[in-house]
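Just below is one structure, and these are the notes that go with it.
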Amino acid sequence: MAGNRRIFLTRCGSAGVASVGVSMPGIWRSAVNAAGLLGMPNTKGRVLVVVEMAGGNDGLNTVIPFADDTYYKARPVLAVPKDRVLKLNSAVGLHPKLGDLRTLFDDSQVAVIQGVGYPKPDRSHFRSMDIWHTARPESVDLRDGWLGRALERDPKALAGGVPALALGSEKLPLALLSGRVNVPNVQSMDAYKLLPGPGDQSAQARAKQTLREVVALKATEAGGELDFLRRTADVTLTSVDRLGEVAKAYKSGATYPETGLARKLQVVARLIAGDMGTQIFYVSLGGFDTHSRQQPVHELLLAELSGAIAAFLKDLKSHKLADRVMVATFSEFGRRVVENGSLGTDHGAASQMFCIGPGVKPGVTGAHPSLTDLVDGDLKHHTDFRQVYAALLQNWLGYPAEPVLGKGFQPVDCV
59 MAGNRRIFLT RCGSAGVASV GVSMPGIWRS AVNAAGLLGM PNTKGRVLVV
109 VEMAGGNDGL NTVIPFADDT YYKARPVLAV PKDRVLKLNS AVGLHPKLGD
159 LRTLFDDSQV AVIQGVGYPK PDRSHFRSMD IWHTARPESV DLRDGWLGRA
209 LERDPKALAG GVPALALGSE KLPLALLSGR VNVPNVQSMD AYKLLPGPGD
259 QSAQARAKQT LREVVALKAT EAGGELDFLR RTADVTLTSV DRLGEVAKAY
309 KSGATYPETG LARKLQVVAR LIAGDMGTQI FYVSLGGFDT HSRQQPVHEL
359 LLAELSGAIA AFLKDLKSHK LADRVMVATF SEFGRRVVEN GSLGTDHGAA
409 SQMFCIGPGV KPGVTGAHPS LTDLVDGDLK HHTDFRQVYA ALLQNWLGYP
459 AEPVLGKGFQ PVDCV
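Under the numbering used here, read the sequence shown as residues 59 to 473, first letter to last.
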């Protein structure tokens, strides 16, 4: 026992044993990731991809009320000229940098839900983001998120594997937090390689040999503190080759833009194409807190959002998978109606959400909020964001909405 234990600790690092997932050496962090990813059975079900627009997106310059002169009076500098707006109907249109999204709209693949928010809106990034992630505006209970609670209703998710995945976040988004379902949060596909980085064949062979030696430890020798890694190594050895095959077999059916969001969504497309069984993916695009010099920053962000999602859906369509996938966007709040003195906008309240994919009920849902009937200078919401969540849960993923969100949230007719 002592000899085996010393070998194990020497090769794997005692810090990794003491704190799994925090300070694990790369081989063990990757082993745990690979084992979890491949443990989920093939469900061939629907997929939800959540795109967080972090910072508070300016909804008024995203879905533009070009027919309302109040918009132009409130924003003499930042307002988008009428002749540049990509019109959706006689009242509103998209920012000109959302051209790819407009094409998807024309193809009946976009639902625009206007006037989304919640009662007594909070202008704090942190508090408002907590509210959107937990779907509990009236509570400061941060033990779980709305998607985490939904997963707890799914026996397959409780059984193991990776029913959901956060990609590219510094920490697991609160929306996915659960006390009963483990959701991994990874930076990139490299985290799923046996040895992150280029590595040579001999290094791969040494890594596999280390795993074999750990698997060879009897359960009684490993003890409770090592048994988890022993079982993880066993699953990894039998599944890492399959993961490699998935990666090699994947061929993108679209040219993705060279942007951060596009790279994340390409990884998501690869995993969906590999039929790994993950139902919920979560990615984020930051930078929307545009207090100053908003125009150039906001234009770049909207172009990144639009181009990445369009490439993602084109890729999935080439694999005949687009019908299974829904993209939903949100931001923690909108911006104020009146531009500020720094060529930007300040924290506001109501905004819009997009649901994107062949499975949506397309069009513009709800009237644009009034630009004159305001609350402390902010747009009033007429659709609770939990109504959109209810549609995504109940009408798309097939989860019961009421146990997750509470009573009284009629699903929006967008899915």
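Cβ coordinates follow ideal geometry from the N, Cα and C atoms, glycine included.
Over the uninterrupted beta strand (DSSP E) stretch that includes Val138, give me the two end residues.
On the sequence shown, residue 138 is found 80 positions in, with the first residue counted as 1. Taken as a continuous stretch (DSSP letters only), Val138 belongs to no beta strand (DSSP E), as it is neither H nor E.
For the segment 311-361, list the beta strand (DSSP E) runs that are entirely contained and at least 3 residues long, ordered along the chain.
338-343
Cys413 versus Thr430, Phe388, Thr336, residue with shortest Cα-Cα distance
Translated into the one-based positions of the sequence shown, residue 413 becomes position 355. The candidate whose alpha carbon is nearest that of Cys413 is Phe388.
First through last residue of the alpha helix (DSSP H) which encompasses Val446:
Here residue 446 is taken as the residue at index 388 of the sequence shown, counted from 1. Unbroken alpha helix (DSSP H) run through Val446: 443-448.
Identify the continuous beta strand (DSSP E) that holds Gly173 and give its terminal residues.
Residue 173 sits at position 115 when you count from the first residue of the sequence shown. Taken as a continuous stretch (DSSP letters only), the beta strand (DSSP E) holding Gly173 covers 168-175.
Compare the Cα-Cα distances from Val174 to each of Leu232, Gly415, Ser166, Gln410 and report the closest residue.
Here residue 174 refers to the residue found at position 116 when the sequence shown is read from its first residue. Looking at the Cα atoms, Gln410 is the closest of the given residues.
Could you give the C-beta distance for Thr128 and Thr430, rounded to a whole number, given that I count them as a contact under 8 Å?
Here residue 128 corresponds to residue number 70 of the sequence shown, with the count starting at 1. Here residue 430 corresponds to residue number 372 of the sequence shown, with the count starting at 1. Yes, Thr128 and Thr430 are in contact; Cβ-Cβ is about 6 Å, under 8 Å.
Simplified DSSP state of Gln468, which is helix, strand or coil:
By 1-based counting over the sequence shown, the position of residue 468 is 410. Reduced to three states, the DSSP call for Gln468 is coil.
Using the beta-carbon count (16 or more within 10 Å), is Pro213 buried or exposed?
Walking along the sequence shown from the start, residue 213 turns up at place 155. So Pro213 ends up on the exposed side.
Answer with buried or exposed for Gly435, where buried requires no fewer than 16 other C-beta atoms within 10 angstroms of its C-beta.
For this step, residue 435 is matched to residue 377 along the sequence shown. Label assigned to Gly435: exposed.
Any idea what DSSP makes of Gly157, helix, strand or coil?
Along the sequence shown, read from residue 1 onward, the residue named residue 157 stands at position 99. Helix at Gly157.
Could you name the residues of the same chain whose beta carbon sits closer than 7 Å to that of Lys419, not counting the 5 residues immediately before and after it, in chain order?
Reading the sequence shown from its first residue, position 361 is the one you call residue 419. Ala169, Asp471, Cys472, Val473, listed in sequence order.
Are Pro427 and Gln172 touching if we call contact CB-CB under 9 Å?
Taking the sequence shown and counting its residues from 1, one reaches residue 427 at position 369. Taking the sequence shown and counting its residues from 1, one reaches residue 172 at position 114. Contact: yes.
Supposed contact pair Thr441 and Asp116 - C-beta distance, whole angstroms, cut 8 Å
Start at 1 with the first residue of the sequence shown, and residue 116 comes out as number 58. Start at 1 with the first residue of the sequence shown, and residue 441 comes out as number 383. With 8 Å as the limit, Asp116 and Thr441 do not qualify as a contact, their Cβ atoms being about 18 Å apart.
For Pro154, tell me which candidate among Ala408, Arg142, Val220, Ser364 has the shortest Cα-Cα distance.
Your numbering for residue 154 matches position 96 in the sequence shown. Residue Arg142 holds the alpha-carbon nearest to the alpha-carbon of Pro154 among Ala408, Arg142, Val220, Ser364.
Considering only their Cβ atoms, is the gap separating Ala380 from Gly415 smaller than 9 Å?
On the sequence shown, position 357 is the one that residue 415 refers to. On the sequence shown, position 322 is the one that residue 380 refers to. The answer is yes: Cβ separation under 9 Å.
When burial is assigned at 16 or more other CB atoms within 10 Å of the CB, is Gln468 buried or exposed?
If you number the sequence shown from 1, residue 468 lands on position 410. With fewer than 16 other Cβ atoms within 10 Å, it is exposed.
Quickly, what does DSSP pair Leu106 with across the bridge? List them, please.
By one-based count along the sequence shown, residue 106 stands at place 48. DSSP output for Leu106 lists Ile338, Met384 as bridge partner(s).
Backbone secondary structure at Ser376 - three-state DSSP:
Taking the first residue of the sequence shown as position 1, residue 376 is located at position 318. Three-state result, Ser376: helix.
Spatially closest choice to Gly424 from Val121, Leu200, Arg201, by CA coordinates:
Counted from its first residue, the sequence shown places residue 424 at position 366. With distances taken between Cα atoms, Gly424 lies closest to Val121.
Between the CA atoms of Gln445 and Glu196 - distance to the nearest angstrom:
On the sequence shown, position 138 is the one that residue 196 refers to. On the sequence shown, position 387 is the one that residue 445 refers to. Those two C-alpha atoms are separated by around 16 Å.
For Ser409, write down the residues that DSSP places opposite it in a beta bridge.
Working through the sequence shown from its first residue, we reach residue 409 at position 351. Ser409 pairs with Val174.
Segment limits, beta strand (DSSP E) that includes Val422:
Position 364 of the sequence shown, counted from the start, is the residue given in the question as residue 422. It spans 421-423 - the beta strand (DSSP E) in which Val422 sits, taken as one unbroken run.
Relative to the alpha-carbon of Phe370, which residue among His405, Ser310, Ser350, Gly417 has its alpha-carbon at the smallest distance?
Taking the first residue of the sequence shown as position 1, residue 370 is located at position 312. Ranking His405, Ser310, Ser350, Gly417 by Cα distance to Phe370 puts Ser310 first.
Looking at the secondary structure, which residues open and close the alpha helix (DSSP H) in which Leu216 lies?
Position 158 of the sequence shown, counted from the start, is the residue given in the question as residue 216. Run containing Leu216: 213-217, per the alpha helix (DSSP H) assignment.
List the whole-angstrom C-beta distance separating Leu200 from Leu234, where the pair is believed to meet the contact cut-off of C-beta under 8 Å.
Within the sequence shown, numbered from 1, the residue matching residue 200 stands at position 142. Within the sequence shown, numbered from 1, the residue matching residue 234 stands at position 176. Incorrect: roughly 13 Å between the Cβ atoms, too far for contact.
Among all the DSSP beta bridges, which residues are the ones paired with Asp119?
Taking the first residue of the sequence shown as position 1, residue 119 is located at position 61. The question names Asp, but residue 119 is Asn in the sequence shown. None, per the DSSP bridge assignment.
How many angstroms separate the CA atom of His405 from the CA atom of Gly113?
Against the sequence shown, residue 405 aligns to sequence position 347. Against the sequence shown, residue 113 aligns to sequence position 55. If you take the alpha carbons of His405 and Gly113, they lie about 9 Å apart.
Output the distance between the C-alpha atoms of Leu146 and Phe346, rounded to the nearest integer angstrom.
Counting from one through the sequence shown, the residue named residue 146 turns up at place 88. Counting from one through the sequence shown, the residue named residue 346 turns up at place 288. In a straight line, the C-alpha of Leu146 is about 23 Å away from that of Phe346.
Does any CB atom of chain D fall closer than 9 Å to the CB of Glu397?
The question asks about chain D, but that chain is absent: this structure has only one protein chain.
Looking at Leu136 and Leu223, is the spacing between their C-beta atoms short of 9 Å?
Walking along the sequence shown from the start, residue 223 turns up at place 165. Walking along the sequence shown from the start, residue 136 turns up at place 78. Not a contact, by the Cβ cut-off of 9 Å.
Assigned exposure category for Ser186 - 16 Cβ within 10 Å defines buried:
Taking the sequence shown and counting its residues from 1, one reaches residue 186 at position 128. Per the 10 Å Cβ criterion, buried.
Does the Cβ-Cβ distance between Leu374 and Ala327 come in under 9 Å?
Sequence index remark: in the sequence shown, residue 374 carries index 316 (1-based). Sequence index remark: in the sequence shown, residue 327 carries index 269 (1-based). Contact flag set, yes.
Which residues mark the beginning and the end of the alpha helix (DSSP H) in which Ala132 is found?
As a position in the sequence shown, residue 132 is number 74, starting the count at 1. Segment 127-132, the alpha helix (DSSP H) holding Ala132.
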